[in-house]
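Reading through the structure tokens given below for one structure.
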Amino acid sequence: EVQLVESGGGLVQPGGSLRLSCAVSAFSFSSYSMTWVRQAPGKGLEWVANIKPDGFEKHYVDSVKGRFTISRDNAKTSFYLQMDSLRVEDTAIYFCSTGAWSLGNWGQGTLVTVSS
Amino acid sequence: DVVMTQSPLSLPVTLGQPASISCRSSQSLVYSDGNTYLNWFQQRPGQSPRRLIYKVSNRDSGVPDRFSGSGSGTDFTLEISRVEAEDVGVYYCMQATHWPPITFGQGTRLDIK
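In order, the protein sequences belong to chains G and X. Residue numbers for the first sequence, in the working numbering: 2 to 117. Residue numbers for the second sequence, in the working numbering: 17 to 129.
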């Protein structure tokens with residue numbers, strides 16, 4: 002069974018940084034794009050970023066461009082979201098998911114709270 | 017960006033009765049390869065999203081056959097033939113034809129009357 006496990010969330014002040022991780026198992030990790038999606042408290046789903054299998058092509062939603070960086074380590078079957086210059090509006094549960102368009106498997110999510 | 021508009025946003029349903037959720041996109045979701053990248057997700061209370069349907073009408077493994085997806089172009093529908101208690105949650109459509117960004121509908125909250 003495919004498993005995705007996020008970690009790295011927590012409370013951070015505005016302007017601070019966090020690095021989220023997603024460990025993926027029982028999946029052909031190196032062959033697929035990977036995606037981060039977030040959900041603000043009580044709100045809907047928002048696509049954040051994805052990364053192609055080779056790690057070179059990356060895409061971001063406009064609101065995080067220049068502040069967030071997605072990366073991956075195929076040897077560790079893990080991918081990451083480095084979040085810098087965090088804002089209050091980045092407060093959300095961050096989910097990792099498999100695929101670029103498919104989003105067929107999801108992690109349990111990790112909560113990021115940006116507050117002073 | 018492609019705007020996805022769901023209706024209704026709230027859907028109270030009697031157990032055993034059918035339910036239907038509409039999703040409309042601001043432009044056609046037919047991609048140049050002939051596929052239409054429209055997925056449906058279910059999010060039960062306190063859980064992660066779960067994909068139910070991919071590319072308009074393909075049901076995921078383990079998804080009950082009372083769930084079905086249909087549509088084309090800009091108009092899509094998720095139907096539940098007979099609602100059960102475990103179907104309570106929020107349903108989202110999502111397009112991945114015109115990206116970035118991938119965009120989701122606002123969500124439709126289904127509960128039991």
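Just so you know, even glycine gets a beta-carbon here, dropped at the ideal spot from N, CA and C. Quick caveat: nothing in here was measured; it's all calculated off a predicted structure.
Query	Result
For Q111 of chain X, the first and last residue of its enclosing beta strand (DSSP E)	105 to 111
Inter-stretch contact at 8 Å, needing at least 3 Cβ pairs: the segment 67 to 82 of chain X / the segment 39 to 58 of chain X	yes
Contact belief for P117 of chain X with L46 of chain G at Cβ below 8 Å, rounded distance in angstroms	Wrong, their Cβ atoms sit about 12 Å apart, outside the cutoff.
Chain G within 7 Å of R40 of chain X, Cβ atoms only	no
Cβ separation of C9 of chain G and L112 of chain G, assumed to be a contact under 8 Å, to the nearest whole Å	In the sequence under discussion, the amino acid at residue 9 of chain G is Gly, which differs from the Cys named in the question. Their Cβ separation, rounded to whole angstroms, is 10 Å, which puts G9 of chain G and L112 of chain G out of contact at 8 Å.
Within 7 Å of chain G by C-beta, residues of the segment 91 to 102 of chain X in sequence order	none
Reference I94 of chain G, options G:S86, G:R68, G:V38, G:P15, closest by Cα	G:V38
Own chain, CB closer than 6 Å to A24 of chain G, minus 5 neighbours either side, in chain order	V6, S79
Alpha carbon of N51 of chain X to alpha carbon of S88 of chain X, nearest angstrom	10 Å
C-beta neighbour in chain G for Y108 of chain X, strict 7 Å	yes
Outcome for D91 of chain G when other beta-carbon atoms lying within 10 angstroms are tallied against a minimum of 16	buried
Whole-number beta carbon distance between N75 of chain G and V3 of chain G, since they are thought to touch under 8 Å	Between N75 of chain G and V3 of chain G the Cβ distance is about 16 Å, and since that is not below 8 Å, they are no contact.
Host beta strand (DSSP E) of W115 of chain X (start-end)	Per DSSP, W115 of chain X belongs to no beta strand (DSSP E) and is neither H nor E.
Contact set between Q109 of chain G and chain X, taken where Cβ atoms lie within less than 7 Å	S64
R39 of chain G, enclosing beta strand (DSSP E) - first and last residue	35 to 40
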